[in-house]
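Q: Once you've had a glance at the structure underneath, I'll fire off some questions.
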Amino acid sequence: MKARLDVADDAAKREQRLAAKLRENLKRRKEQARARAAGTGKSPPETEANDTADGAALKPHGDSDS
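Position one of the sequence shown corresponds to residue 1 (the UniProt record's numbering), numbered consecutively onward.
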């Protein structure tokens with residue numbers, strides 16, 4: 001019975017973390033949209049979105065390892 005409570009507690013914590021991340025993302029996107037609308041030219045901060053799924057940074061097309 002205790003295991004079920006732990007699973008439910010973990011699920012609730014996960015939901016809270018995801019909800020917080022979603023709010024942060026929405027806030028950041030609204031801020032970016034306002035900056036674009038105002039024409040400030042403010043560039044967005046570096047994020048993990050600039051990395052590939054395996055964590056390696058994207059390379060320009062001219063670079064090659066071979």
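All residues carry an ideal CB built from backbone N, CA and C; glycine is no exception.
(1) Arg23 to Ala3, Cα distance in whole Å?
(2) Here's the rule: buried if 16 or more other CB atoms are within 10 angstroms of the residue's CB, otherwise exposed. What is Asp51?
(3) What is the rounded straight-line gap between the Cα of Lys30 and the Cα of Asp10?
A: In brief:
(1) 30 Å
(2) Because the pLDDT at Asp51 is just 48, under 50, the model does not fix this residue reliably, and the point stays unresolved.
(3) Straight across, the Cα-Cα distance linking Lys30 with Asp10 is about 30 Å.
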